[in-house]
Amino acid sequence: MTRRKLIAAGAAGALGIAGAGLAIWTKRKGLWLGRLQENGAAAASPRVFDFRVAAANGSAPIAIVTGASAAGLAKEALKSLGGMELFVKRGDRVLIKPNAGWDRRAELAANTNPDVIRTLCEMCFTAGASKVIVSDFSCNETHRCFDSSGIGAAARSAGAEVVFPREAYLKEIDFNGEAIRSWPVYSHFLEVDKFINVPIAKQHGLARVTLGMKNWFGVIGGLRNRLHQNINTSIADLATSIRPTLTVIDAYRILISNGPQGGRLADVKDARTLIASADPVAADSLATALFGLKPEELPYLLLAHSRGLGQIDRSAMSVRQITAAGA
Amino acid sequence: MNIASGTRIVRARQISQAFFLLLFFFLLFQTTYPERTNEGAYANEIPYPVRGFLEADPLAALAAFVASHRVARGIGWAIAVTAGTVLVGRFFCGWVCPLGTLSHLIGSIHPRLKGARRIEKNRTKGWQKWKYAILIGFLAATALSVMQIGLLDPLCFLIRSLSLSILPALASVLRLLLDFVTGHGPTFLRGPTDAAFQWLQAPILGLTQPHFQLAWVIGLIFIALLFLNRTIPRFWCRALCPLGALMGLISKLSPFGLEKRSDLCDGCNICLLDCQGADSPQPGVPWVQTECHLCFNCTTACPQGSLTFKFFPGVPEERTKAVPDLGRRQVLASFATGVAIVPLLKSGSVLSVRPSPPRIRPPGSVAEDLFLERCVKCAECMKVCPTHALQPAWTEAGLEGLWSPVLVPRIGYCEFNCVLCSTLCPTNAIEPTTLERKTGGADGYPFKMGTAFIDKSRCLPYASGVSCIVCEEWCPTSPKAIWFEEVETVSRDGARTMIKVPHVDVKRCNGCGACEYACPVRDLAAIRVTSAGEERSADNALLL
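So the protein lines, in turn, are chains A and B.
Quick note on the working numbering: the first sequence kicks off at 8 and runs consecutively.
Quick note on the working numbering: the second sequence kicks off at 977 and runs consecutively.
See below:
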């Protein structure tokens, strides 16, 4: 061995040892994994990711706002619920989950209204959020969906970060649900402090309507098309495990036919409405009226109610019906 | 007039080669979904002239003209390149061609061949006439509507090999590395890794990891031919390249050439050491103009100053414009082979009798016989397809259609609001197609590529009474081509329940394959698309 080779080998060895040391140190410091731990001890009860600010079951108010501007609806709704400051604290990392499932323009009502997303992002920052992430695991190609719908541009213009789910984010989670036992989840959705679910109200062939609870399908990976085989229990299982800070249902435009993709303006109805609540079941229940349905007609809402996830009976809710200025 | 001596011209040539190679890769990387260019609307325009090199390819333009008697898109560039060749000779080969530059690089980095052996290899060889036979044969077949020039056209060959095999392989390695760091590395590396991933995603990684069927064959051919350049310098350019052959023939018109001064030459043969074209620069033998790449290595290397490039060079007895040994008989034989291939291919394929079920062509494609006349297999459409639905054909379109694009819904589906492939096709095998035309607009019917058929023996609701209709959810047309009916189903214990079963409206179905792609029966889908009913074909019509 020449001297040069010896020095090179020594340097490489030292680097290797230093690298290993750094790895062990960071792992001990808990920097090695994300906050979302994979499967914990096998439990019989469902795993719950709770982003609620207070136990709001059954008592959380629901705001139904109608008006001419999508941004105005979001502002009025949050004002009526007590302001975004009630939900988002200084320094919070907030995830805003639109329905950006399809490669469709905003006016076709297949994806959440970009103005609603922009306004919510801005309000989160105003409330002191340190970071706002907008993300969805789309059905069509994700980049196309975020570009065509305008959601990507809206989120970025408000200073939020748009995250396209990567396979590497997937973590296998024991939901211990009735239909969903163990399932891969895009972990970045759940490694936040606050979670705001912002679906759009749409007709859906199998589930009849897709609202807030169905929107959780965009958080998970794997062969999620199999969930259609037991769609109502699957929706209820996800709603059991993921408890959002806030549900904001965009019904500025709703899709009344050919859902969940639509494609023609004839499939769209201008409902000019937005429903917001900390109770995800109540929000979904009230939104069914937009489609001429009763909450009891949707098995997943009955399931969710029976599991104590929220209210479906309008008479038991505190509903704040508002008409936004300029409507 | 001595314009080409000294190292300065070699340096200029190297800069030109580097520039065009980088430009080529830049444009190749931009041949992808144009992210964030058109927010709030459908992004269907790439903001760079990504098929520029194909447009500047005189061979592709000539073949397109011979085959379908139409002028290729962007013909101006091809004319400019041709004019330049008439003026000075094969400058394209030595100064521009990215495959030429790659061949040059592979042969000169730590060269395997040195000294006398290298000089020997760079002497003009008889087999350099192969490329003329290839050119003549392929053009003859092209004239009779069998367009195979794309197999060996250097730009088609390079774009296809890189897009379908080399870049996807690179992407899979990079993804592996980045995913490992994200999944198993410390969290503080997540930000930089995400940024790197996003930056690399559209140009290299692919929106999803690209998989092209049997592309490793395409990749191996490419690697083998590239590395042959180490054994025989510029083997590709000297022996195979039909574009080089075409330019060689054109260069016979050029007044620019090599002047040799035998009186100054001491016979050292150093001029042969780095000769790229093997065109006999050494004094004492005729210079073979058709083979010269204008690399200027010979004039720069000559210690005696006996070699000079100039317009209207003197010493006519040492200058020949002859194609090396390509006699009349060989020209005729190449031509006859090209002609004979046509009936052989056409009669030896059942696809001449019945349409091929998996031969689903991209939206906007012209009728199949025209398609085969136009497609140069450059793979631009496959490179740009955001879902990697477009795949190189192997048997789907017959031997003639080898490596032409077909839609394979199990790998990807045709994104409803995307027409990127049709904007890139250099020869209009896929006609430029507006979104209105493809989707049918508000009330029309979409462009029909094929039809979906339900396999009731595999479909969960039909065969097993299991709820599903994912196909209906994914069907992109409005009204949906896939609709459902609620029927009563009975379980083995006799319980009767209602279940939704799918149906296909054949007239509405555009054959995009979204249903087949999304079908939860993973291996052989319960709903499958074939080319039946494709609107470009009268022969494959389905409905009355």
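Backbone N, C-alpha and C define an ideal beta-carbon position, used for all residues, glycine too.
Reduced DSSP category for residue i - H, G, I as helix; E, B as strand; rest coil
{"i": "P105(A)", "result": "strand"}
{"i": "K1228(B)", "result": "coil"}
{"i": "K1297(B)", "result": "Its pLDDT being 47, under 50, K1297(B) is placed unreliably in this model, and the value from its coordinates should be taken loosely. Coil."}
{"i": "T1100(B)", "result": "coil"}
{"i": "F202(A)", "result": "strand"}
{"i": "L177(A)", "result": "strand"}
{"i": "A258(A)", "result": "strand"}
{"i": "Y1421(B)", "result": "coil"}
{"i": "G1526(B)", "result": "Past the edges of chain B, shown from 977 to 1520, lies residue 1526(B), and the structure says nothing about it."}
{"i": "H1160(B)", "result": "helix"}
{"i": "R111(A)", "result": "coil"}
{"i": "G23(A)", "result": "helix"}
{"i": "V275(A)", "result": "strand"}
{"i": "W1587(B)", "result": "Lying outside 977 to 1520, the shown extent of chain B, residue 1587(B) is not represented and no answer is given."}
{"i": "I187(A)", "result": "coil"}
{"i": "H1479(B)", "result": "strand"}
Beta-carbon spacing of residue i, residue j below 8 Å
{"i": "C1397(B)", "j": "P1338(B)", "result": "yes"}
{"i": "A331(A)", "j": "L80(A)", "result": "yes"}
{"i": "C146(A)", "j": "W1450(B)", "result": "yes"}
{"i": "Y307(A)", "j": "I242(A)", "result": "yes"}
{"i": "A285(A)", "j": "L85(A)", "result": "no"}
{"i": "T295(A)", "j": "L305(A)", "result": "yes"}
{"i": "F58(A)", "j": "A107(A)", "result": "no"}
{"i": "V1264(B)", "j": "L1120(B)", "result": "no"}
{"i": "G225(A)", "j": "F144(A)", "result": "yes"}
{"i": "L1150(B)", "j": "L1176(B)", "result": "yes"}
{"i": "L316(A)", "j": "V288(A)", "result": "yes"}
{"i": "P1262(B)", "j": "C1274(B)", "result": "no"}
{"i": "S1230(B)", "j": "W1192(B)", "result": "no"}
{"i": "P1130(B)", "j": "L1075(B)", "result": "yes"}
{"i": "G159(A)", "j": "R1012(B)", "result": "yes"}
{"i": "R279(A)", "j": "E114(A)", "result": "no"}
Residue environment, residue i, which counts as buried when at least 16 other CB atoms sit within 10 Å
{"i": "H312(A)", "result": "buried"}
{"i": "M220(A)", "result": "buried"}
{"i": "E1293(B)", "result": "Confidence at E1293(B) is low in this model, with a pLDDT of 49, below 50, so its placement is unreliable and no value can be given for it."}
{"i": "D1255(B)", "result": "buried"}
{"i": "D291(A)", "result": "buried"}
{"i": "V1057(B)", "result": "buried"}
{"i": "D320(A)", "result": "exposed"}
{"i": "E198(A)", "result": "buried"}
{"i": "L253(A)", "result": "buried"}
{"i": "W1379(B)", "result": "buried"}
{"i": "Y1009(B)", "result": "buried"}
{"i": "R151(A)", "result": "buried"}
{"i": "M1358(B)", "result": "buried"}
{"i": "M1474(B)", "result": "exposed"}
{"i": "K201(A)", "result": "buried"}
{"i": "I1194(B)", "result": "buried"}
{"i": "G89(A)", "result": "exposed"}
{"i": "F196(A)", "result": "buried"}
{"i": "V1395(B)", "result": "buried"}
The stretch 1124-1135 of chain B touching the stretch 1176-1189 of chain B, judged by at least three CB pairs closer than 8 Å
no
contact_flag[the stretch 1202-1219 of chain B, the stretch 1070-1080 of chain B] where n(CB pairs < 8 Å) is 3 or more
yes
At least three beta-carbon pairs within less than 8 Å, the stretch 1062-1076 of chain B to the stretch 1268-1284 of chain B
yes
Ignoring anything shorter than 4 residues or poking outside the stretch 1034-1102 of chain B, list the alpha helix (DSSP H) runs there in chain order.
1034-1044, 1051-1064, 1074-1084, 1091-1097
Runs of beta strand (DSSP E) wholly within the stretch 69-96 of chain A (minimum 3 residues, chain order):
Runs found: 69-73.
Count the C-beta pairs between the stretch 1334-1348 of chain B and the stretch 1414-1424 of chain B that are closer than 8 Å, then say yes if the count reaches three, no if not.
Cβ pair count under 8 Å is three or more, so yes.
Between the stretch 1030-1046 of chain B and the stretch 1112-1124 of chain B, do three or more beta carbon pairs fall short of 8 Å?
yes
For the pair the stretch 1192-1207 of chain B and the stretch 1132-1149 of chain B, tell me if three or more CB-CB distances fall below 8 Å.
yes
Evaluate contact between the stretch 1489-1499 of chain B and the stretch 1507-1516 of chain B, counting only Cβ atoms and requiring at least three cross-stretch pairs below 8 Å.
no
Would you check if there are 3 or more beta carbon pairs closer than 8 Å linking the stretch 1483-1495 of chain B to the stretch 1384-1391 of chain B?
yes
List in chain order: all unbroken alpha helix (DSSP H) runs of 4+ residues lying wholly within the stretch 1389-1415 of chain B.
1396-1400, 1411-1415
Do the stretch 183-191 of chain A and the stretch 232-249 of chain A meet, that is, are 3 or more Cβ pairs less than 8 Å apart?
yes
Does the stretch 174-183 of chain A come into contact with the stretch 127-138 of chain A, if we say contact requires no fewer than three beta-carbon pairs (one atom in each stretch) closer than 8 Å?
When C-beta atoms of the stretch 174-183 of chain A are compared with those of the stretch 127-138 of chain A, fewer than three pairs fall below 8 Å, so the two segments do not count as touching.
Note down, one range per segment and in chain order, each beta strand (DSSP E) of at least 3 residues found wholly within the stretch 150-177 of chain A.
168-170
Can at least three beta-carbon pairs, one atom from the stretch 1389-1409 of chain B and one from the stretch 1347-1361 of chain B, be found at a separation below 8 Å?
yes
Can we say the stretch 1313-1327 of chain B touches the stretch 1358-1376 of chain B, given the rule of at least three CB pairs closer than 8 Å?
Judged by pairs of C-beta atoms under 8 Å, the stretch 1313-1327 of chain B touches the stretch 1358-1376 of chain B, as three or more such pairs exist.
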